Amino acid sequence: MKFFFHPSPNPMKVALLLEELQTPYELIGVDTFKGEQHQPAFLAINPNAKVPALVDGDATVFDSQAILLHLAQKHQRFLPTSVTGQAELLSWLMFIATGLSPFSGQAVHFLHHAPEDLAYAKNRYLKEVERHYRVLDQRLADHPYLAGDTYSIADMALWGWASYAPYILGENGLVAYPNVKRLFDEISARPAAQRAQGLKEKLVLKAEFDEETRRNLFPQNQAQ
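Numbering follows the UniProt record's numbering, with no gaps: position 163 of the sequence shown is 163.
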């Protein structure tokens with residue numbers, strides 16, 4: 001199994017699951033700051049030029065949520081067994097996939113990387129991130145985990161982006177969302193999460209966010 005990785009929120013979700021499963025895999029770094037995601041060899045694996053991606057035998061899977069579902073179903077772990085639990089899992093997993101994840105990504109872009117200071121865009125995406133965290137916090141006020149009583153891939157998906165909360169919300173991070181913070185801290189203390197965090201130390205990747213990085217991460221902007 002080959003895991004194409006960069007230490008950013010979406011790949012970190014998958015890294016956590018792989019480490020929880022303790023299944024053997026080959027870690028392959030994709031230096032997105034250098035534009036390696038646009039090389040033909042990687043585009044053959046993910047035509048969307050994004051990490052993460054997974055080659056699992058004859059199966060090739062891209063998109064972090066799809067990989068989480070693929071691995072969880074393959075190993076029959078970190079999935080609720082009841083119909084009700086499965087419905088809750090899918091609902092919260094997709095809430096993160098279509099809500100928290102893209103709004104967080106856009107908030108990061110307009111708060112930190114946009115070439116223009118656009119007050120409307122910054123406010124729009126920041127407020128939507130805050131709203132999503134309020135919804136998650138209310139859910140976790142009544143349940144220990146997003147899918148109910150069982151730790152699942154939905155919680156792993158949340159953990160990937162919650163680790164970036166201070167970069168979006170400021171130095172207080174998740175303080176305003178105590179139930180999200182409780183779950184984030186619980187997951188972060190797990191040995192699998194610590195191993196996942198350690199993956200970045202195994203790779204030599206570009207760290208500078210310079211003009212080359214901007215061109216490689218936002219090539220559509222260059223085309224404009």
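Built from N, CA and C at the ideal position, the CB exists for glycine as well.
Quantities reported herein were computed from a predicted structural model and do not represent experimental measurements.
Q. For V61, which residues does DSSP report across the bridge?
A. As a first step, residue 61 must be located in the sequence shown, where it is residue number 61. The partner list for V61 (beta bridge, DSSP) reads L54.
**Q.** Contacts around Y25, its chain only, beta-carbon distance under 6 angstroms, and the 5 residues preceding and following it disregarded
**A.** As a position in the sequence shown, residue 25 is number 25, starting the count at 1. Within the same chain, Y25 has close Cβ partners M1, F3 and L18.
Q | Simplified DSSP assignment, three categories, for Y145 | A | Here residue 145 is taken as the residue at index 145 of the sequence shown, counted from 1. In the structure shown, Y145 sits in a strand (DSSP, three-state: E or B).
Q: Tell me where the alpha helix (DSSP H) around L27 begins and ends.
A: The sequence position of residue 27 within the sequence shown is 27, counting from 1. Note, L27: premise wrong, no alpha helix (DSSP H); beta strand (DSSP E) at E26 to G29.
Q: Report yes if the C-beta distance between L93 and Q73 is below 8 angstroms; otherwise report no.
A: By one-based count along the sequence shown, residue 93 stands at place 93. By one-based count along the sequence shown, residue 73 stands at place 73. By the CB criterion at 8 angstroms, L93 and Q73 fall outside the cutoff.
Q: Please specify which runs of the alpha helix (DSSP H), each continuous and at least 4 residues long, are wholly inside the UniProt domain "GST C-terminal" (82–209), giving them in chain order.
A: List check, alpha helix (DSSP H) in window: 83–95, 101–108, 119–142, 153–162, 165–169, 178–188 and 191–198.
Q) In whole angstroms, what separates the C-alpha of A193 from that of A41? A) On the sequence shown, position 193 is the one that residue 193 refers to. On the sequence shown, position 41 is the one that residue 41 refers to. Each residue's Cα considered, the two are about 29 angstroms apart.
Q. For the putative contact between L183 and F5, defined by C-beta atoms under 8 angstroms, what is the C-beta separation to the nearest angstrom?
A. The sequence position of residue 183 within the sequence shown is 183, counting from 1. The sequence position of residue 5 within the sequence shown is 5, counting from 1. About 24 angstroms; that fails the 8 angstroms criterion.
Q: Could you tell me whether the segment 97–108 touches the segment 146–166, where touching means 3 or more Cβ pairs closer than 8 angstroms?
A: Taking 8 angstroms as the limit for Cβ pairs, the verdict is that the segment 146–166 does touch the segment 97–108.
**Q.** Which listed residue (T81, V180, S91 and Y151) has its alpha carbon closest to that of E130
**A.** Stepping through the sequence shown from its first residue, residue 130 is reached at position 130. Closest by alpha carbon: V180.
Q. Using a Cβ-Cβ cut-off of 6 angstroms (strictly less than) and excluding sequence neighbours within five positions of M156, which residues of its own chain qualify?
A. Here residue 156 corresponds to residue number 156 of the sequence shown, with the count starting at 1. Answer for M156: K13, L16 and L17, listed in chain order.
Q.
Per DSSP, what are the beta-bridge partners of F3 in this structure?
A. The sequence position of residue 3 within the sequence shown is 3, counting from 1. Partner residues in the beta bridge of F3, as assigned by DSSP, are L27 and L54.
Q: State whether the segment 70–88 contacts the segment 143–159, with contact taken as three or more CB pairs (one from each stretch) at a distance under 8 angstroms.
A: Three or more pairs of CB atoms, one per stretch, sit closer than 8 angstroms, so the segment 70–88 contacts the segment 143–159.
Q.
Need the endpoints of the alpha helix (DSSP H) that P80 sits in, please.
A. In the sequence shown, residue 80 corresponds to position 80, counting from 1. In this chain, P80 is not harboured by any alpha helix (DSSP H), its DSSP state being neither H nor E.
Q. With distances taken from CA atoms, which of T23, Q22 and L27 is nearest P11?
A. Residue 11 sits at position 11 when you count from the first residue of the sequence shown. Ranking the options by Cα distance to P11, first place goes to L27.
Q) What's the gap between the Cα of I96 and the Cα of S152? A) Translated into the one-based positions of the sequence shown, residue 96 becomes position 96. Translated into the one-based positions of the sequence shown, residue 152 becomes position 152. If you take the alpha carbons of I96 and S152, they lie about 13 angstroms apart.
Q.
Against chain C, does E36 count as a neighbour if the rule is that its beta carbon must be under 8 angstroms from one of theirs?
A. Judged by its chain identifiers, the structure shown contains no chain C, having just a single protein chain.
Q | Straight-line Cα distance separating A49 from E201 | A | In the sequence shown, residue 201 corresponds to position 201, counting from 1. In the sequence shown, residue 49 corresponds to position 49, counting from 1. As the crow flies, the alpha-carbon of E201 is around 23 angstroms from that of A49.
Q) Quick one: what's got a C-beta closer than 6 angstroms to E128's C-beta in the same chain, skipping five residues either side? A) Sequence index remark: in the sequence shown, residue 128 carries index 128 (1-based). Taking C-beta separations shorter than 6 angstroms and ignoring five residues to either side along the sequence, the partners of E128 in its chain run F103, following chain order.
Q | Simplified DSSP state of A41, which is helix, strand or coil | A | Counted from its first residue, the sequence shown places residue 41 at position 41. DSSP places A41 in helix when its eight states are reduced to three.
Q) By the 10 Å Cβ neighbour count, where 16 or more other Cβ atoms means buried, how is T196 classified, buried or exposed? A) For the purposes of this step, residue 196 is identified with residue 196 of the sequence shown, where counting begins at 1. The question names Thr, but residue 196 is Ala in the sequence shown. Its Cβ being crowded by 16 or more others within 10 Å, A196 is buried.
Q: Please classify A49: does DSSP put it in a helix, a strand, or coil?
A: Translated into positions along the sequence shown, residue 49 becomes position 49. In the structure shown, A49 sits in coil (DSSP, three-state: anything other than H, G, I, E or B).
Q: Measure the beta-carbon distance from T32 to N221 and round it to whole angstroms, keeping in mind my assumption that it falls under 8 angstroms.
A: The residue you call residue 32 lines up with position 32 of the sequence shown. The residue you call residue 221 lines up with position 221 of the sequence shown. With 8 angstroms as the limit, T32 and N221 do not qualify as a contact, their Cβ atoms being about 15 angstroms apart.
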